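The structure appears right after this line, and notes come after that.
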Amino acid sequence: MNIPLRIGGWIPMSTVDYPDHLACVLFCQGCPWRCQYCHNPHLWAPDSKVLHAWENIESFLLRRQGLLDAVVFSGGEATLQNSLAEAITRVKSLGFRVGLHTAGIRPRSFANILGLVDWVGFDIKALPESCEIITGVSNSGSVNWRSLEILLSHGIAYECRTTVLWNLFEIEDLRQLVHKLHAYGVQRYAIQIARPQGMSPRKLPLLRPMAS
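The working numbering puts the sequence shown at residues 128 to 339.
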């Protein structure tokens with residue numbers, strides 16, 4: 128079976144992308160946001176020259192039944208792809224759990240996918256009024272937080288996380304963000320510090336130590 132999912136890279140086995148599960152991670156191409164700390168800028172634009180065929184991924188998964196627990200769809204932004212639901216359904220038919228890494232860039236598409244997945248790693252970029260500084264895209268704050276509301280109303284297992292690039296965050300920003308997330312009812316939250324490995328070279332000067 129060939130599914131036209133645009134996969135720009137994949138990791139055969141990961142212990143960190145789906146809590147408490149061994150997972151294969153598929154990195155989907157395409158993302159309109161330009162987060163300044165992004166470790167996968169090569170996935171922003173679709174590129175047919177580096178696509179991985181679905182039948183090869185599925186062949187690998189068939190050989191790993193009983194060894195791997197889950198498949199995680201990451202990106203890029205996986206929810207932008209029209210064939211994501213088909214791919215998730217196929218993976219589940221093979222006996223794997225399904226995780227999704229997303230920032231909820233398209234709330235309606237995100238809502239439609241939630242019923243198919245078992246766990247979501249949800250990227251909260253910043254406070255709503257500050258998201259544009261991170262993403263470079265207007266209105267991204269309202270979109271990001273609307274999708275958070277959809278996630279929390281669904282009842283699915285999740286972890287919210289924020290990547291902190293200290294050039295763009297102050298401690299008080301982070302405090303306010305944590306308080307707002309608590310008020311929303313978020314119970315599982317992680318803060319990730321941006322690392323230079325994998326970042327676009329033009330973004331490396333943005334890294335600076337945390338203010339004391």
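Every residue, glycine too, gets a C-beta built ideally from N, C-alpha and C.
Given the structure is predicted, the values throughout are model-derived calculations rather than measurements.
Going by DSSP, which residues form a beta bridge with Cys287? Looking up residue 287 in the sequence shown gives position 160. Beta bridge pairing from DSSP links Cys287 with Phe249, Tyr316.
Determine the direct distance from the alpha carbon of Gly282 to that of Phe249, and round the result to whole angstroms. For the purposes of this step, residue 249 is identified with residue 122 of the sequence shown, where counting begins at 1. For the purposes of this step, residue 282 is identified with residue 155 of the sequence shown, where counting begins at 1. Straight through space, the alpha carbons of Gly282 and Phe249 are spaced by roughly 14 Å.
Which residues in the same chain have their Cβ closer than 6 Å to the Cβ of Pro131, if we skip the five residues on either side of it in sequence? Residue numbering aside, residue 131 sits at position 4 when the sequence shown is read from its first letter. Within the same chain, Pro131 has close Cβ partners Ser210.
Asp174 versus Gly157 - alpha carbon distance: Taking the sequence shown and counting its residues from 1, the one referred to as residue 174 is at position 47. Taking the sequence shown and counting its residues from 1, the one referred to as residue 157 is at position 30. Pairing Asp174 with Gly157, the inter-Cα distance amounts to about 9 Å.
Check whether the segment 133-153 and the segment 200-210 are in contact - that is, three or more C-beta pairs closer than 8 Å. With a cut-off of 8 Å, the segment 200-210 and the segment 133-153 count as touching, because enough Cβ pairs lie within range.
By Cβ distance, which residues of its chain are closer than 7 Å to Ala238, with the 5 residues on each side in sequence left out? Taking the sequence shown and counting its residues from 1, one reaches residue 238 at position 111. Cβ within range, chain order: Ile277.
Which runs of the beta strand (DSSP E) at least 3 residues long sit entirely within the segment 142-228? Give them in chain order. Along the length of the segment 142-228, whole beta strand (DSSP E) runs at least 3 residues long occupy 150-155, 197-201, reported in chain order.
Taking buried to mean at least 16 other C-beta atoms within 10 Å of its own C-beta, is Glu297 buried or exposed? Within the sequence shown, residue 297 is the residue found at index 170, counting from 1. By the neighbour-count definition (other C-beta atoms within 10 Å, threshold 16), Glu297 is an exposed residue.
Residues bridged to Trp137 [DSSP beta-bridge criterion]: Taking the first residue of the sequence shown as 1, we reach residue 137 at position 10. Residue pairing from DSSP places Trp137 in a beta bridge opposite Leu153.
Supposed close pair Tyr145, Gly226 - CB separation, criterion 8 Å: Residue mapping note: residue 145 aligns to position 18 of the sequence shown, counting from 1. Residue mapping note: residue 226 aligns to position 99 of the sequence shown, counting from 1. Indeed, because the Cβ distance is near 4 Å, the residues count as touching under 8 Å.
Rounded C-alpha distance that separates Ser339 from Ala317: For the purposes of this step, residue 339 is identified with residue 212 of the sequence shown, where counting begins at 1. For the purposes of this step, residue 317 is identified with residue 190 of the sequence shown, where counting begins at 1. Below a pLDDT of 50, predicted positions are generally treated as unreliable, and Ser339, at 35, falls in that range; the measurement from the model is reported next regardless. Looking at the two C-alpha atoms, the distance is approximately 21 Å.
On the CB-based measure, 16 or more other CB atoms within 10 Å of its CB, does Leu194 come out buried or exposed? Translated into the one-based positions of the sequence shown, residue 194 becomes position 67. Under this definition Leu194 is an exposed residue.
Pro328, DSSP secondary structure in three states: For this step, residue 328 is matched to residue 201 along the sequence shown. With a pLDDT of 45 at Pro328, under the threshold of 50, the predicted position of this residue should be treated as unreliable, and no value is reported.
Contacting residues, own chain, Cβ-Cβ under 7 Å from Thr262 (five flanking each side not counted): To locate residue 262, count along the sequence shown from 1; it is residue 135. The residues Trp160, Arg161, Cys162, Lys252, in chain order, have a CB closer than 7 Å to that of Thr262 in the same chain once the five nearest residues on each side in sequence are set aside.
Give a yes or no on whether the C-beta atoms belonging to Val264 and Cys287 are separated by under 7 Å. Within the sequence shown, residue 264 is the residue found at index 137, counting from 1. Within the sequence shown, residue 287 is the residue found at index 160, counting from 1. No, Cβ-Cβ distance for Val264 and Cys287 is not below 7 Å.
Rounded distance between the beta-carbons of Met128 and Glu204, thought under 8 Å: Walking along the sequence shown from the start, residue 204 turns up at place 77. Walking along the sequence shown from the start, residue 128 turns up at place 1. Going by Cβ atoms, the distance from Glu204 to Met128 rounds to 24 Å, so no, they are not a contact pair.
Chain-order list of residues whose beta-carbon lies under 6 Å from that of Trp171 (same chain, five-residue window excluded): Start at 1 with the first residue of the sequence shown, and residue 171 comes out as number 44. Cβ neighbours of Trp171 beyond the five flanking positions: Cys158.
For Asn271, does the three-state DSSP call read helix, strand or coil? The count along the sequence shown starts at 1 and reaches residue 271 at position 144. DSSP places Asn271 in helix when its eight states are reduced to three.
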